[in-house]
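Written below as structure tokens is the structure these notes are about.
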Amino acid sequence: MPLISVDQAREYILSHITELEAETVHLFDAVGRVLAEDVVADQDIPPFRNSAMDGYAVQAADTASASPEHPVLLRVVGTVAAGMAPNMTVESGVAARIMTGAPVPPGANAVVRFEDTSEVWPPERRPPNGTIAILRPVQPGENVREAGEDVQRGRTVLRRGDRLRAAEVGLLASLGHSTVECVRRPRVGVLATGDELVGPDEPLTPGKIRNSNEYTNVALVRLAGGIPVPLGIARDNVEDLTAKIRRALDENVDLLITSAGVSVGDYDMVKNVLAAEGEVHFWQVAIKPGKPLAFGTIVTEGKRVPLIGLPGNPVAAFVAFEVFVRPTIRKMAGLKPLFRRHFRARVQEDITNSGRRHYMRARVWRDEATGELLATTRGSDVRVQGSGILSSLVWANAFVVVPEGVTFIPAGETVDVELFDWPEEVF
Ligand code: AMP
Ligand code: MG
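The opening position of the sequence shown corresponds to residue 1025 in the numbering used here, with each subsequent residue numbered one higher.
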């Protein structure tokens, strides 16, 4: 089996993956999705000139001399509430009572807030009914929101490839969209393989272990932006594996993930079956944990479905998922960036390494005093960093990534870390 680097394997896989087509998504379901089209405003926001305050719409020039000692008295010609079309004109000497969001009537060019009028006076001091005293001058345009001041008609407000957050969803609604074209999310079949596996609800008879990989992988698919399609357990024989792969194709998966059976054991059937069902490569990747990896395309009845065969050891499977499957799902779903951002953190203990790229389980935290990121790997002990120790992944929130060729890093050096709990990466 050829030995290839992590970057070579990843580049090869991604060069065979394309973004999926667009689908129409209701705006209620659109958060976290990726836009498949540019969005051009076909109307102004706000659509009309309106008041930013509860107050009185006036001609600003009328208020020039107003003060609490020498108020300006204006005749009130009516009220405009939000949602109404005004039926009056504001000439010099008059005012219209107006609510926030209501259209500014023709003639008016400013709004005086209630707080700057006799509204705040006790009733006995107020001017006669039908009039209002203005206590402060306003400038033309004051407390008025112009049509199109937020978004001008014709502007490209969102672009293909943008990930929709709550704000983008609101902007789409304000432009009159109830649906939006988004990149389809991949359906990802998740298959476990192995004669030793039983489900979480089944009794543990001698020689059996629980199938954890299917559950971890379903969770990881969801976090990566895919739609998981759990396919259960295939036994280590050609008939069952072939049947389960057929089922995956019937389920219209866009990507198939298997675990185990890709190394050199006697019952590692996945290799043989995959080789028969399509064009599949088997690699030894220079990565720790998780050397064996399969990648290829299943071809039947004109369908071509990419497949990634992960190693069986739970931690190796997790690392290989993070490194190879997550970017694949993100590319299909149009999500960017494909890879996790690397941060630098100061490691607390010596690291020894074989020379393969090593994704070490670590905890990263920020030193309150210096603001610096710190990382602990709890040392290179196999009881922590062994590829079957799933509980140490529960303890971890990051990987320290030791580059290829590096065999020793002393405590106190800064290292690359990938935070896999990073909240902005959830979608
Ligand atoms: P294999 O690649 O088939 O040699 O499996 C490597 C190791 O991973 C073995 O110890 C398997 O028992 C274990 N393993 C395989 N599949 C799973 C699974 N779905 N859940 C948990 N452990 C597994
Ligand atoms: Mg096996």
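The C-beta atom is built at its ideal place from N, Cα and C for all residues, glycine as well.
What you are looking at is a predicted structure, and each value in this text was computed from that prediction instead of being measured.
Taking the beta strand (DSSP E) that residue i belongs to, which residues open and close that run?
i     : result
F1423 : A1422 to V1426
V1418 : Where V1418 is concerned, there is no enclosing beta strand (DSSP E), although the alpha helix (DSSP H) it sits in stretches over L1414 to W1419.
D1031 : No beta strand (DSSP E) holds D1031; the alpha helix (DSSP H) holding it covers V1030 to S1039.
M1384 : R1381 to R1390
Y1080 : G1079 to V1082
V1309 : G1302 to V1309
R1099 : V1096 to V1104
R1370 : H1366 to V1371
F1345 : Here F1345 belongs to no beta strand (DSSP E), and DSSP marks it neither H nor E.
D1053 : That residue, D1053, is in no beta strand (DSSP E); it is neither H nor E in DSSP.
P1330 : K1327 to L1334
A1119 : V1118 to I1122
L1397 : L1397 to T1400
E1442 : T1438 to L1443
F1319 : P1316 to T1324
R1137 : A1134 to R1137
At which residues does the alpha helix (DSSP H) containing residue i begin and terminate?
i     : result
R1271 : V1262 to D1274
V1286 : Where V1286 is concerned, there is no enclosing alpha helix (DSSP H), given that its DSSP letter is neither H nor E.
T1352 : R1350 to A1357
V1408 : V1406 to Q1409
Does the beta-carbon distance from residue i to residue j come in below 8 Å?
i     : j     : result
G1079 : N1153 : no
A1399 : A1420 : no
I1322 : E1301 : yes
V971  : T1087 : The shown model of the chain, from 1025 to 1451, leaves out residue 971, and the question about it has no answer.
T1394 : V1424 : no
P1129 : V1162 : no
P1313 : A1340 : yes
L1188 : G1358 : no
P1227 : A1284 : no
V1245 : N1235 : no
R1381 : V1426 : yes
T1352 : I1028 : no
V1204 : I1251 : no
V1286 : A1033 : no
I1433 : V1439 : yes
D1174 : L1059 : no
N1337 : G1256 : no
V1101 : A1085 : no
D1066 : A1171 : no
A1134 : G1178 : no
G1289 : V1304 : no
L1097 : T1155 : yes
V1343 : I1281 : no
Could you check if residue i is buried or exposed, using at least 16 other CB atoms within 10 Å of its CB as the buried criterion?
i     : result
L1091 : Before going further, note that residue 1091 is Ser rather than Leu in the sequence given. Flag for S1091 reads exposed.
D1062 : exposed
E1346 : buried
V1450 : At V1450, the pLDDT of 37 sits below 50, so the modelled position is not reliable; the number obtained from the coordinates is stated separately. Exposed, because fewer than 16 other Cβ atoms sit within 10 Å of the Cβ of V1450.
S1416 : buried
R1208 : buried
R1407 : exposed
S1142 : buried
E1448 : Residue confidence is low: E1448 scores 47 on pLDDT, short of 50, so the model does not pin down where it sits. No coordinate-derived value is stated.
E1045 : exposed
K1327 : exposed
A1272 : buried
V1329 : buried
T1042 : exposed
I1233 : exposed
T1240 : buried
S1294 : Per the sequence shown, residue 1294 should be read as Val rather than Ser. It counts as buried.
E1238 : buried
W1307 : buried
S1075 : buried
Q1083 : buried
P1210 : buried
G1218 : buried
N1377 : buried
A1422 : buried
G1249 : buried
M1384 : buried
F1444 : buried
Does the distance between the C-beta of residue i and the nearest non-hydrogen atom of the ligand FMN fall short of 7 Å?
i     : result
P1361 : Ligands displayed in this structure: the ligand AMP and the ligand MG; the ligand FMN is not among them.
Give a yes or no on whether the minimum CB-CB distance between residue i and chain D is below 8 Å.
i     : result
V1064 : Absent from the structure is chain D; it holds one protein chain and no more.
Review point. Quick one, what's near the ligand MG if you take every residue whose CB is closer than 5 Å to any heavy atom, in chain order?
Key: G1218 and A1284
Practice item. Please go through the region 1199-1254 and give each complete beta strand (DSSP E) segment of 3 or more residues, from N-terminal end onward. Key: 1203-1207 and 1211-1217
**Study point:** Ordered list of alpha helix (DSSP H) runs contained in the region 1140-1196, each at least 4 residues
**Key:** none
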